[in-house]
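Here is the structure we will look at.
Structure representation (structure tokens):
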């Protein structure tokens with residue numbers, strides 16, 4: 007009974023250690039995958055260089071994803087523009103819908119770029135304050 011119990015506790019300890027190591031590596035990778043509430047909390051409570059850099063990385067990834075989606079929508083917009091029937095079209099036409107999606111993604115990408123620049127600046131400023 008004692009060897010089985012010892013083996014059980016040893017395995018439990020190993021699994022706990024492995025999952026803890028995976029969790030710590032996951033947090034560095036997941037800084038670009040934040041939920042809305044996590045993003046609000048981090049934005050509100052950010053005061054260290056690492057927190058500002060995590061926010062800047064998040065917004066850089068958002069910007070990259072939005073530019074990629076905007077490029078796809080621009081191609082779809084061009085494709086739908088060739089198939090416009092003005093006389094029987096109801097508003098919003100399919101070409102209008104994809105045009106609005108494209109405009110929205112470009113707007114959000116520019117906003118994400120500005121936020122990434124803001125948090126990068128704050129990280130450098132905070133890093134400079136820690137060096138002095």
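Residue numbers (our numbering): 7 to 138.
Just so it is clear, CB atoms sit at the ideal spot from N, CA and C, and this is done for glycine as well.
Quick caveat, the model's predicted, so the values are computed rather than measured.
Express the C-alpha separation of residue j and residue i in angstroms, rounding to a whole number.
i           : j           : result
residue 86  : residue 128 : 43 angstroms
residue 52  : residue 44  : 11 angstroms
residue 105 : residue 130 : 38 angstroms
residue 122 : residue 91  : 42 angstroms
residue 89  : residue 78  : 18 angstroms
residue 47  : residue 124 : 17 angstroms
residue 100 : residue 115 : 23 angstroms
residue 61  : residue 81  : 31 angstroms
residue 73  : residue 40  : 19 angstroms
residue 98  : residue 126 : 40 angstroms
Can you tell me the Cβ-Cβ gap for residue i and residue j, rounded? I've got them flagged as a contact below 8 angstroms.
i           : j          : result
residue 111 : residue 66 : So it is not a contact: roughly 16 angstroms between Cβ atoms.
residue 132 : residue 49 : Going by Cβ atoms, the distance from residue 132 to residue 49 rounds to 15 angstroms, so no, they are not a contact pair.
residue 108 : residue 83 : 6 angstroms
residue 118 : residue 68 : 4 angstroms
Terminal residues of the continuous alpha helix (DSSP H) containing residue i?
i          : result
residue 72 : 55-87
residue 46 : 42-51
Which of the three DSSP states, helix, strand or coil, is assigned to residue i?
i           : result
residue 124 : helix
residue 131 : helix
residue 100 : helix
residue 112 : helix
residue 105 : helix
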